[in-house]
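From first to last, the protein sequence lines stand for chains P and B. Position 180 (the first sequence) corresponds to 180 in my numbering; numbering is contiguous. Position in the second sequence (first residue = 1) + 1000 = my numbering. Beta carbons: idealized from backbone N, C-alpha and C, even for Gly. Notes for the one structure printed next.
There are 2 protein chains.
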Amino acid sequence: MPAKRPAARRPTMKDIARRAGVSESAVSFALNDRPGVSEITRDRVRRVAEQLGWRPSTAARALSGEGAATVGLVLARPAHTLGVDSFFLQLVSGIQEVLARRHLGLLFQVAQDVDDECAVYRRWWAEHRVDGVLVVDPRTDDPRPDLLDELGLPAVVIGGAPDQSHPGLSSVWADDAGAMAALVDGLHALGHRRIAHIAGLPGLAHTERRISALRAEAERRGLTEVRSVPTDYSDAEGAAVTRRVLEAPAPPTALIYDNDVMAVAGVAAAAELGFSVPADVSVVAWEDSALCRMVKPWLSALSRDSVEFGRTAATELTALLDGGPARTVRVPVPRLIERDSTGPARSPGTGRPA
Amino acid sequence: MPAKRPAARRPTMKDIARRAGVSESAVSFALNDRPGVSEITRDRVRRVAEQLGWRPSTAARALSGEGAATVGLVLARPAHTLGVDSFFLQLVSGIQEVLARRHLGLLFQVAQDVDDECAVYRRWWAEHRVDGVLVVDPRTDDPRPDLLDELGLPAVVIGGAPDQSHPGLSSVWADDAGAMAALVDGLHALGHRRIAHIAGLPGLAHTERRISALRAEAERRGLTEVRSVPTDYSDAEGAAVTRRVLEAPAPPTALIYDNDVMAVAGVAAAAELGFSVPADVSVVAWEDSALCRMVKPWLSALSRDSVEFGRTAATELTALLDGGPARTVRVPVPRLIERDSTGPARSPGTGRPA
DNA sequence: TCTTTCTGCTCAAGCGCTTTAGCTCGGGCT
DNA sequence: AGCCCGAGCTAAAGCGCTTGAGCAGAAAGA
């Protein structure tokens, strides 16, 4: 029998009260900066607490109505899509930065799909586990806002467009439509008239925003050969779609990819087909990362600060937890980093390489 | 004033007791499959609970000594190193898979460094937040096992070599030394005699294991021009080190990279220097991912199942939480996926490209 | 001097659950 | 008939914290 040394006992408020010679309530008042104790006592209590290494038990706190000091984040993307994307860990590290300052924990869960995700919210709520949640990958026709409303769980939606119908939710978003417009503007100025947009998962709010922004821009300019093709964000589909669009009769002269992974896979696919980048076809990735500088030519990319995005979202959530009003905040529009994969459109002809 | 609909109230055991016409204790017994109630009552109680959508409050549970139903995971790598690596999200998704089955939550935190990480453990322990933790990136001379021992916090170390001095900790690890030996074996058979190992962060246990395994293999075979160079895992350092070793007088004919990111950056750097892969120099990445198939030539890589790794680790932790003994389990050694970046060594000469 | 009003503190209840001790039956034993 | 016993339940305490009510004593007003 492994004679286990008994784990050290956690000090409680009772211990502090005894050592400081006051009642438990006095300790509570003192440590929570509430009126009701003299400065002298407060100091003494604080010192004793410090010395004992006391920390409030979140369980007890939560039980007496203070909330769980925890926020939740669930990720509902297919497992294989998870890994390659650098966005999430960045986002999470930004989130943590602000949560940590307030000693808030982050409860993390990966789910199968949105229904599963909803079940997780319900469970978290019923189990008293979280005080609020961060919702990522908002969708068109999303069941989550309604649910969170019903549960009364404070939440901030990350990446969703402002949503009038859920005044309880905060929203942090980037102006994809504006970015898309600027992007098309730039490509148009370079002479590009045929553009393909290799989009992300259909149904995701920002995917749809980008698609419709592109369509709007095309119509405004009278461009008829502009299209969006949704994918699952994977390198495989990125490459496949690239091949498909480039093999068409009048292939596009510019490709916009909704993430870095597909863009990289796309240039490789293009190269195999004999298209050289950017001479035959320009490429821009929506999402910058080290990846974009790992391939030749270096990829032009729309860059945003995902860490800051996370910070902003977490800040909004803490504001909500503090009883503040729900807000909608827009983070800076991603800016185009021009590298070597974009250039003037090939002059007329079929657009196919020789 | 936004007339907020009051959030639905969570049902408690008292509600169930009232509706089922029994005492709270009977409810507790019934729902926890404890003897003390008849099957009839048990069924009735269960039905009522179900119907009310009851879930035990983790706070209350934790407070009455049952544990927090949560395990912790802290990541202490520099923020910029976080993103590109596909390993962690895979690992986490494996972990979740088994935790979710048991309704265990995963509390996630990113820390600055190991000291910070230790502080997090202390806090979690004092706050009663977690029942156990998963420790990643074990180091040589690691303060964490001692701390966890002291706190009596069940833990499983992921990726550490078996550690006799901490019988309380479980350990899940891969045989890097064996893998390295097999790898060198293969390269040697292809005629490679000069090998450079672009290693990961120094101080990380598995980095050191790989380095010393390589050294041992080299000595065994009498190879003198074999070396390991530690890096920070980043594409930048990967490329820089690659340039440095290839510009040396008698450059290596084979490069082993400790992750996929550096390998990709490395081939790009090699190409710039006029080295062609695999004709002039063979490349293998320790860690397979989509990345390895995004560059030309496709990279040969050591592949392991990170999701399964996570599952195994989580399983060990739950076993520990159930009061089981600490164990050391070895996951399958990663296997080499041969793609296009490895080939026979260039025949004698300086080894430099023409 | 006696009342009022603070200030600084203590008491005790309560949050939702577990758990131990105890209570009440009905049935089997002698 | 008297007794014991176990099955099936209830009562109540306790986990660590917050909080509203209450209470002593000093300072201030009459």
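Buried or exposed by the 16-neighbour rule on C-beta atoms within 10 Å, applied to residue i
i: P/D176; result: buried
i: P/P332; result: exposed
i: P/T231; result: buried
i: B/P1162; result: exposed
i: P/T70; result: buried
i: P/A250; result: exposed
i: P/A17; result: buried
i: B/V1277; result: buried
i: B/E1316; result: buried
i: P/D113; result: exposed
i: B/T1140; result: exposed
i: P/P2; result: With a pLDDT of 39 at P/P2, under the threshold of 50, the modelled position of this residue cannot be trusted; read the value that follows with caution. It is exposed - the Cβ of P/P2 has fewer than 16 other Cβ atoms within 10 Å.
i: B/I1040; result: exposed
i: B/Q1096; result: buried
i: B/Q1109; result: buried
i: P/S228; result: buried
i: B/S1300; result: buried
i: P/S57; result: buried
Closest residue to residue i among the options (Cα-Cα distance)
i: P/A184; options: P/L255, P/P278, P/E97, P/L151; result: The sequence given here places Val at residue 184 of chain P; Ala does not occur at that position. Comparing Cα-Cα distances from P/V184 to each of P/L255, P/P278, P/E97, P/L151, the minimum goes to P/L255.
i: P/S86; options: P/A290, P/A345, P/R311, P/L321; result: P/A290
i: P/L426; options: P/T253, P/A174, P/A205; result: Because chain P spans 1 through 354 in this model, residue 426 of chain P falls outside it and cannot be assessed.
i: B/R1077; options: B/A1271, B/G1160, B/G1200, B/R1220; result: B/G1200
i: B/P1154; options: B/C1118, B/L1214, B/P1143, B/V1133; result: B/V1133
i: P/A285; options: P/P325, P/V71, P/L302, P/M294; result: P/L302
i: B/A1213; options: B/G1238, B/P1202, B/L1187, B/A1182; result: B/A1182
i: P/R47; options: P/A68, P/G21, P/S228; result: P/G21
i: P/G186; options: P/P344, P/K14, P/A26; result: P/P344
i: P/G310; options: P/S228, P/M294, P/Q90, P/S64; result: P/Q90
i: B/G976; options: B/R1123, B/R1193, B/K1014; result: With chain B represented from 1001 up to 1354, any question about residue 976 of chain B goes unanswered, as that position is not in the structure.
i: P/G168; options: P/E127, P/R330, P/P325, P/P334; result: P/P325
i: B/A1216; options: B/A1205, B/G1178, B/R1243, B/R1244; result: B/G1178
i: P/L52; options: P/S38, P/R9, P/R42; result: P/R9
i: P/R102; options: P/A314, P/R339, P/R335; result: P/A314
i: P/G160; options: P/L321, P/V37, P/V135; result: P/V135
i: P/P138; options: P/R244, P/V156, P/V130; result: P/V156
i: P/M180; options: P/L151, P/I198, P/R339; result: P/I198
i: B/A1236; options: P/R293, P/A196, P/E247; result: P/R293
i: B/T1207; options: B/G1222, B/I1195, B/R1194, B/Y1233; result: B/Y1233
i: P/A59; options: B/Q1164, B/R1129, B/G1222; result: B/R1129
i: B/G1152; options: B/Q1164, B/D1131, B/D1142; result: B/D1131
CB-CB length for residue i against residue j, believed under 8 Å
i: P/L365; j: P/A49; result: Outside the displayed range of chain P (1 to 354) lies residue 365 of chain P, so it cannot be described from this structure.
i: P/D288; j: P/D260; result: 7 Å
i: P/S282; j: P/T342; result: 4 Å
i: P/S170; j: P/V307; result: The Cβ separation is near 19 Å, so there is no contact.
i: P/G238; j: P/G266; result: 5 Å
i: P/P145; j: P/H166; result: 4 Å
i: P/V172; j: B/V1295; result: Between B/V1295 and P/V172 the Cβ distance is about 35 Å, and since that is not below 8 Å, they are no contact.
Beta-bridge partners of residue i, as assigned by DSSP
i: P/Y257; result: P/I198, P/A285
i: B/V1133; result: B/G1072, B/A1155
i: B/L1336; result: B/L1302
i: B/L1204; result: B/R1139
i: B/T1318; result: DSSP, once it has assigned bridges, lists no residue as partnering B/T1318.
i: B/W1173; result: B/R1330
i: P/R55; result: Note: P/R55 sits in no beta bridge, so no partner.
i: P/V229; result: P/I198
N-terminal and C-terminal residue of the alpha helix (DSSP H) that residue i is part of
i: B/A1177; result: 1176 to 1189
i: P/G105; result: Counting along the chain, P/G105 falls outside any alpha helix (DSSP H), though it belongs to the beta strand (DSSP E) covering 105 to 110.
i: P/S25; result: 24 to 31
i: B/R1293; result: Run containing B/R1293: none; DSSP gives neither H nor E here.
i: B/Q1090; result: 1087 to 1101
i: P/R34; result: Unbroken run through P/R34: none, as it is neither H nor E.
i: B/G1021; result: Unbroken run through B/G1021: none, as it is neither H nor E.
i: P/G238; result: 235 to 246
i: P/A119; result: 114 to 126
Run of the beta strand (DSSP E) containing residue i, from where it starts to where it stops
i: B/A1301; result: 1300 to 1303
i: B/T1328; result: 1328 to 1331
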